[in-house]
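Student: In my numbering, the protein residues as written are 48 to 460. For each residue, glycine too, the CB sits at the ideal point set by N, CA and C. One structure follows; several queries about it will come next.
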Ligand code: GLV
Ligand code: MN
Ligand code: MN
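Right under this line is the structure:
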């Protein structure tokens, strides 16, 4: 009766290596951006492995991919476990892939042990979690949880010019074995395993983080419009220079926001100038701002400050700013029932653990708005992530998967 499934550590480590080869970069990382040929290849490999194990494979209109191991009672909503397979352009091999592959290992471990669960368990790979190719991030989980409509983003253009609608259609067509199902089916709960992407667990030598909340994130795109003019002949008083306005705004925002609040995070990650010639004052400069805070009111105050600083710097250079919202992710608190199941699994396995708040956003942030959810974190070296040097020790990979397997068994039986 008390049969326990066991994680097959070597199989999981091999699987992490197999997927890291898809979109591998020379520096040891991964470039498998959302809805690219590499992303499709990873989805195909996972789907083929699932079909070979007798699991069924589905996708929805957002190209979220589901691998289902049936339970005794097919009428019960399934337990959902998983994460994402897309990466940053210079991403690591673990961000997203580790949670998806650990979830798949849990399914395989249950099948190996011949354990039937009451409710089905589904592994998910959500579409475009990263948001670096198409904004916003977490598009797939947002659409799944009813927090957005995928059709509203069909017109989004990728950083490489591709259209979301085309790339979604091509991705869906690339996996005809996956039955199309309506988006947003009912689930009993969602558990996502992920690397911490920060330094806390490693510093405290704790192998498992039990994530209780996710801080909020907003993305803005600021566009300063000026007037293209000759770099050599245009005196100061004639210049409408959007680059000078952008540089001043960025400096004012960086000097003003984080030094005033240790919980705030603010990043300008992308800047573009047009026409982009060395001897032409640009006519247009755009840059992105990613800012985060655990408190929704503080997040709103940062946005207000950003808007004011852009106005001041724009006025100084006679360049009107336009500020576009690219993502808006309110902070989330996870469900005590799922947090408790993760802590219970750690206790049963004798694993040190601590509660932690996620500084990164995750698919679980959106799923938690619709269904009870929580996350399991494992440490990564020096807290480095969104970097090809991202690294997770083998024993932490296996321990994380053991916790996930135990939680999955508990929540499905
Ligand atoms: C997720 O990739 C994030 O930027 O937090
Ligand atoms: Mn991730
Ligand atoms: Mn990421």
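I need the boundaries of the beta strand (DSSP E) containing residue 337, first residue and last residue.
Tutor: 331-340
Student: Heavy atom of ligand 5 less than 7 Å from the Cβ of residue 262, yes or no?
Tutor: Although ligand 5 was asked about, the structure shown includes only ligand 1, ligand 2 and ligand 3 as ligands.
Student: Classify residue 325 as buried or exposed, calling it buried when 16 or more other Cβ atoms lie within 10 Å of its own Cβ.
Tutor: exposed
Student: From which residue to which residue does the beta strand (DSSP E) around residue 443 run?
Tutor: DSSP places residue 443 in no beta strand (DSSP E) but in the uninterrupted alpha helix (DSSP H) bounded by 441-459.
Student: Taking its Cβ as the centre, do 16 or more other Cβ atoms sit within 10 Å of residue 193, making it buried, or is it exposed?
Tutor: exposed
Student: Taking just the CA atoms, how far does residue 190 sit from residue 222?
Tutor: 20 Å
Student: On the criterion of 16 or more Cβ atoms from any shown chain inside 10 Å, does residue 441 qualify as buried, or is it exposed?
Tutor: exposed
Student: Could you compute how far the alpha carbon of residue 382 sits from the alpha carbon of residue 112?
Tutor: 24 Å
Student: Return yes when at least one heavy atom of ligand 2 lies under 7 Å from the C-beta of residue 241, else no.
Tutor: Checking the Cβ of residue 241 against ligand 2 gives yes.
Student: Applying the criterion that 16 or more other CB atoms from any shown protein chain within 10 Å of the CB defines a buried residue, is residue 48 buried or exposed?
Tutor: Because the pLDDT at residue 48 is just 41, under 50, the model does not fix this residue reliably, and the value given afterwards should be weighed accordingly. Exposed, by the Cβ-count rule.
Student: What does the alpha-carbon distance come out to for the pair residue 274 and residue 202?
Tutor: 28 Å
Student: Does residue 240 come out as helix, strand or coil in the three-state DSSP assignment?
Tutor: strand
Student: Please determine whether the Cβ atom of residue 178 lies at a distance below 7 Å from any heavy atom of ligand 2.
Tutor: no
Student: When you compare only the Cα positions, how much space is there between residue 461 and residue 156?
Tutor: The shown model of the chain, from 48 to 460, leaves out residue 461, and the question about it has no answer.
Student: Helix, strand or coil for residue 96, going by three-state DSSP, please let me know.
Tutor: Residue 96 falls in the helix class under three-state DSSP.
Student: Using the Cα positions of residue 362 and residue 103, report the straight-line distance between them to the nearest angstrom.
Tutor: Roughly 58 Å between the two C-alpha positions.
Student: For residue 244, count the other beta carbons within 10 Å of its own beta carbon; 16 or more makes it buried, fewer makes it exposed. Which is it?
Tutor: It is buried - the Cβ of residue 244 has at least 16 other Cβ atoms within 10 Å.
Student: In terms of DSSP beta bridges, what is residue 111 paired with?
Tutor: DSSP lists no partner for residue 111.
Student: Would you identify the three-state DSSP class for residue 68, choosing helix, strand or coil?
Tutor: Three-state DSSP puts residue 68 in coil, outside helix and strand.
Student: Count the CB pairs spanning the stretch 371-382 and the stretch 331-350 that are closer than 8 Å, and state whether there are at least three.
Tutor: yes
Student: Going by DSSP, name the residue or residues bridged to residue 375.
Tutor: 265
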